[in-house]
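Enquirer: In the UniProt record's numbering, the protein residues as written are 1 to 393. Using N, Cα and C, we set each Cβ at its ideal position, and we do this for glycine too. One structure follows; several queries about it will come next.
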């Protein structure tokens with residue numbers, strides 16, 4: 001599950017081998033109409049944040065990508081790149097400007113991918129016939145032959161790829177390698193004059209505060225805070241586990257459209273606005289919501305054959321990466337199936353239980369659980385009976 005409004009893109013840092021190949025956003029006709037190359041500013045004023053920026057720029061230079069970014073050492077240099085920050089208190093901040101960064105209209109891009117797949121003959125199933133229930137195994141239980149869906153439909157295949165995002169840890173046993181977490185966002189409406197001022201504004205990301213980017217075609221700005229995420233632990237039994245266990249299970253916004261985010265998030269979102277967009281600190285927020293992602297302990301993807309069931313492949317562990325890899329990630333999954341995936345990627349994405357705490361991942365602190373945080377759940381009273389009958393709410 002992902003937030004199908006818009007996603008920020010950065011071409012640099014992380015797995016630099018992959019980032020060299022992610023330019024399909026700007027030259028693949030499936031994506032070009034929805035890709036906004038506005039640039040991206042990564043900035044921070046805290047000692048730890050500045051150290052992270054310095055490490056990032058060093059890695060980019062070591063990879064031969066130093067020419068693609070600009071180090072910003074002063075307030076004036078930052079404002080030169082992002083004039084919209086002129087009214088913000090950014091004294092002492094440092095920054096990296098990524099010329100090729102930007103954002104993608106995610107819902108439109110996903111629709112475009114769907115149309116392209118249909119054009120090539122791919123068939124989709126939705127509703128109960130497209131909702132995973134269990135694997136179909138050989139008589140000895142060692143080989144995956146297909147999958148059964150909620151309505152009993154069986155799909156038989158030589159190879160099965162489970163690419164179910166944040167839902168994956170609750171569907172099959174991943175040996176605690178992934179943890180599903182929610183992040184939060186809110187929106188604000190700009191006036192016609194404000195839209196002109198913020199048009200073409202680069203994405204602004206501060207690892208201590210959050211991020212925002214230019215208004216969309218409706219004049220709406222999206223703001224997110226930065227924090228370790230929220231879990232939602234439930235006793236649940238993924239396929240392959242001998243008994244129910246504590247698993248962080250996403251909560252579908254489609255099924256619970258009145259969900260927003262915890263009261264604590266209103267404070268941190270407003271803190272980000274006050275620091276990054278102070279002129280908008282009194283604007284009304286709307287469309288408050290959570291989006292879900294699966295983190296791994298080391299923030300690398302989990303794309304490999306499941307060691308327990310031959311011919312079952314998992315493609316998950318987003319850790320904040322997958323959407324910016326949308327033009328190429330499928331190619332690498334195919335390479336895995338065909339046995340041609342390059343060794344460094346195979347090693348990074350291997351099955352690796354016990355490699356760390358996915359609940360914390362590489363973040364400053366472990367995620368808090370939604371059960372301990374009030375304010376996000378607004379189900380009508382009439383939903384209570386329906387919820388009680390659901391396996392995964």
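1) Three-state secondary structure (DSSP) at residue 319?
2) Roughly how many angstroms separate the alpha carbons of residue 78 and residue 195, rounded to a whole number?
3) Look at residue 181 and residue 225 and say whether their C-beta atoms are less than 9 Å apart.
4) For a test of the three-state rule: what should DSSP assign to residue 206, helix, strand or coil?
5) Please state the DSSP three-state secondary structure of residue 102.
6) Output the boundary residues of the beta strand (DSSP E) element that contains residue 139.
7) Tell me whether residue 251 counts as near the ligand SAM, meaning its Cβ is closer than 8 Å to at least one heavy atom of that ligand.
8) What would DSSP say about residue 334, mapped onto helix, strand or coil?
9) I need the straight-line Cα distance from residue 454 to residue 235, nearest angstrom please.
10) Quick check on residue 22: does DSSP put it in helix, strand or coil?
11) For residue 177, count neighbouring Cβ atoms within 10 angstroms of its own Cβ and tell me buried if that reaches 16, exposed if not.
12) From residue 265 to residue 371, what does the alpha carbon distance come to, in whole angstroms?
13) Tell me the rounded alpha-carbon separation between residue 101 and residue 40.
14) If I measure Cβ to Cβ from residue 275 and keep anything under 8 Å in the same chain, skipping five residues before and after, which residues do I get?
15) Evaluate residue 173 with the Cβ neighbour count: other Cβ atoms within 10 Å of its Cβ, from every protein chain shown; 16 or more gives buried, anything less gives exposed.
16) Report the rounded CA-to-CA distance for residue 131 versus residue 245, giving the unit in angstroms.
17) Does the Cβ-Cβ distance between residue 280 and residue 221 come in under 9 Å?
18) Just tell me which of 287, 349, 289 has its CA closest to the CA of residue 313.
19) Given that a residue counts as buried once 16 or more other Cβ atoms are within 10 Å of its Cβ, and exposed if not, what is residue 287?
20) So which of 164, 305, 212 has the shortest CA-CA distance to residue 339?
21) Among all the DSSP beta bridges, which residues are the ones paired with residue 292?
22) Tell me whether the segment 295–310 and the segment 327–339 touch, counting them as touching only if at least three CB pairs, one residue from each stretch, are closer than 8 Å.
23) May I ask you to report which of helix, strand or coil DSSP gives residue 374?
24) Between residue 179 and residue 294, which are expected to be in contact by the criterion C-beta below 8 Å, what is the C-beta distance as a whole number of angstroms?
25) My understanding is that residue 153 touches residue 129, with C-beta atoms under 8 Å, so please give their C-beta distance in whole angstroms.
26) Terminal residues of the continuous alpha helix (DSSP H) containing residue 394?
27) Excluding the five sequence neighbours on either side, which residues of its own chain have a C-beta within less than 7 Å of the C-beta of residue 394, listed in chain order?
28) Strictly by DSSP, which residues pair up with residue 220?
29) So, residue 113 versus residue 30, is the Cβ gap smaller than 9 Å?
30) Would you report the Cα separation of residue 248 and residue 80, rounded to the nearest angstrom?
Expert: Short version:
1) The residue you call residue 319 lines up with position 319 of the chain shown. Three-state DSSP puts residue 319 in coil, outside helix and strand.
2) As a first step, residue 78 is located in the chain shown; it is residue number 78 there, counting from the start. As a first step, residue 195 is located in the chain shown; it is residue number 195 there, counting from the start. Spanning the two alpha carbons is a distance of roughly 21 Å.
3) Against the chain shown, residue 181 aligns to sequence position 181. Against the chain shown, residue 225 aligns to sequence position 225. Cβ atoms of residue 181 and residue 225: not closer than 9 Å.
4) Taking the chain shown and counting its residues from 1, one reaches residue 206 at position 206. Of the three classes helix, strand and coil, the one that applies to residue 206 here is strand, per DSSP.
5) Along the chain shown, one-based indexing puts residue 102 at 102. Assignment of residue 102 by DSSP, reduced to helix, strand and coil, places it in the strand class.
6) For the purposes of this step, residue 139 is taken as residue 139 along the chain shown, with counting starting at 1. For residue 139, no beta strand (DSSP E) encloses it, and the DSSP letter there is neither H nor E.
7) Among the components of this structure there are no ligands whatsoever, and the ligand SAM is therefore not found.
8) Here the question's residue 334 lines up with position 334 in the chain shown. The answer is helix: DSSP assigns residue 334 an H, G or I state.
9) Look at the range of the chain in this structure, 1 to 393, and you will see that residue 454 is not part of it.
10) Position 22 of the chain shown holds residue 22. Unreliable placement is indicated for residue 22, whose pLDDT of 49 sits below 50; the coordinate value is still reported in the next sentence. Three-state result, residue 22: coil.
11) Within the chain shown, residue 177 is the residue found at index 177, counting from 1. Burial call: buried.
12) In the chain shown, counting from the first residue as 1, residue 265 sits at position 265. In the chain shown, counting from the first residue as 1, residue 371 sits at position 371. One C-alpha to the other measures close to 14 Å.
13) In the chain shown, the residue the question calls residue 101 occupies position 101. In the chain shown, the residue the question calls residue 40 occupies position 40. About 5 Å.
14) Indexing the chain shown from 1 puts residue 275 at position 275. Correct list, in chain order: 88, 89, 206, 209.
15) Start at 1 with the first residue of the chain shown, and residue 173 comes out as number 173. Label assigned to residue 173: buried.
16) Your numbering for residue 131 matches position 131 in the chain shown. Your numbering for residue 245 matches position 245 in the chain shown. Each residue's alpha carbon lies about 21 Å from the other.
17) Taking the chain shown and counting its residues from 1, one reaches residue 280 at position 280. Taking the chain shown and counting its residues from 1, one reaches residue 221 at position 221. A contact, by the Cβ cut-off of 9 Å.
18) For this step, residue 313 is matched to residue 313 along the chain shown. When each option's Cα is compared against that of residue 313, the closest is 349.
19) For the purposes of this step, residue 287 is taken as the residue at position 287 of the chain shown. Answer is exposed; the Cβ neighbour count stays below 16.
20) The residue you call residue 339 lines up with position 339 of the chain shown. When only C-alpha atoms are compared, the closest one is 305.
21) The residue labelled residue 292 in the question sits at position 292 within the chain shown. Answer by DSSP bridge pairing, in chain order: 182.
22) yes
23) The residue given as residue 374 occupies position 374 in the chain shown. Reduced to three states, the DSSP call for residue 374 is coil.
24) In the chain shown, residue 179 corresponds to position 179, counting from 1. In the chain shown, residue 294 corresponds to position 294, counting from 1. The pair is a contact, with the Cβ atoms about 7 Å apart (cut-off 8 Å).
25) Position 153 of the chain shown, counted from the start, is the residue given in the question as residue 153. Position 129 of the chain shown, counted from the start, is the residue given in the question as residue 129. Their Cβ separation, rounded to whole angstroms, is 5 Å, which keeps residue 153 and residue 129 in contact under 8 Å.
26) What is shown of the chain runs 1 to 393, which leaves residue 394 out entirely.
27) Because residue 394 is not part of the residues shown, which for the chain are 1 to 393, the question remains open.
28) If you number the chain shown from 1, residue 220 lands on position 220. According to DSSP, which records beta bridges pairwise, residue 220 is partnered with 189.
29) Mapped onto the chain shown, residue 113 falls at position 113. Mapped onto the chain shown, residue 30 falls at position 30. Result yes, Cβ atoms of residue 113 and residue 30 sit closer than 9 Å.
30) Within the chain shown, the letter at position 248 stands for residue 248. Within the chain shown, the letter at position 80 stands for residue 80. The alpha-carbon atoms of residue 248 and residue 80 are separated by roughly 43 Å.
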